[in-house]
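These notes concern the structure reproduced below.
Numbering (my numbering), first residue to last: 337 to 629.
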């Protein structure tokens, strides 16, 4: 009897805890939430904090309120010059209008990113189609991204309830079939430039060698001319010295000349000479004073 009386309050407490547990919910600062009543939104954009709902009647759907990144697959676009390129891009977005976001996407981020990717793809196609290759690669890329972001927000804010923070191009490449021909053309151009540089280098080397050879001939000729001049001056000076010496002492001059002739004549013992003993050649060998008989 007493045990039955204790069970009833206990069941009441457990039931109350269960109801409270199913009624209370917390919205984090990084989340956005809506309250549904039988699938219909009855309370939108619930603020962060502790809140309550009616169990079984109300359903709470929470969404990430942070800035999210949508990384798109590379797409093929044409410039105003009809040049194809592969563009790899990404977009930064966040939920702006929770009821619109839930209604248009069912609260599924994958659905939201798929719908956003379609519009980003269309916007990039339009932006690239109005510009040249140089403009989209370097000249006007920042301007292109700003215009694209503004045009996207005009569409996605009212229709999807999201805000595009930024759109950026990570990489721009030529299509594979075009890249091969471009690389081949670049290789051919570089080889042609290399041949031109080598030809110019060989031409310059030939000119330098010819100039060096010419200077060599000039220097050698000038050196030979100067040496001959010096040799001539030396011979003339020597002749003058000999002449002066001969005029001062003709006998001594004849004596030294005879000694030089004897040295040169008898230096090679293998020579045979046929000379008249009475000739003037032996005058100083017969008489030290060189007197003729």
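In this text, a Cβ means the ideal position worked out from N, Cα and C, and glycines have one as well.
query, result
"Residue 455 versus 417, 470, 432 and 425, residue with shortest Cα-Cα distance", "425"
"Secondary structure of residue 464, DSSP reduced to three states", "helix"
"As assigned by DSSP and simplified to three states, the class of residue 566", "helix"
"At least 3 beta-carbon pairs within less than 8 Å: the segment 435-450 vs the segment 470-484", "no"
"7 Å Cβ shell around residue 412 - same chain, five flanking residues per side excluded", "420, 422 and 511"
"Segment contact flag, the segment 426-444 with the segment 383-395, C-beta cutoff 8 Å, min 3 pairs", "no"
"Terminal residues of the beta strand (DSSP E) in which residue 405 lies", "404-407"
"Minimum C-alpha distance to residue 408 - residue among 492, 469 and 460", "460"
"Cβ pair residue 502, residue 481 closer than 9 Å", "yes"
"Cβ neighbour criterion (16 or more within 10 Å) applied to residue 574", "exposed"
"Neighbourhood of residue 373 by C-beta, 7 Å cutoff - its chain only, sequence neighbours within 5 removed", "393 and 394"
"In DSSP terms, what residue 382 is bridged to", "369"
"Any non-hydrogen atom of the ligand FAD closer than 8 Å to residue 597 Cβ", "Ligands are entirely absent from the displayed structure, and the ligand FAD is therefore not among its contents."
"Close beta carbons around residue 492, own chain, < 7 Å, minus the five adjacent residues each side", "452, 455, 498 and 500"
"Straight-line gap, residue 579 to residue 570 (C-alpha atoms, nearest Å)", "14 Å"
"Inter-residue spacing [alpha-carbon to alpha-carbon] between residue 545 and residue 529", "24 Å"
"Close-in-space but distant-in-sequence residues of the same chain around residue 371 (CB under 7 Å, 5 per side omitted)", "378, 379, 382, 389, 394 and 396"
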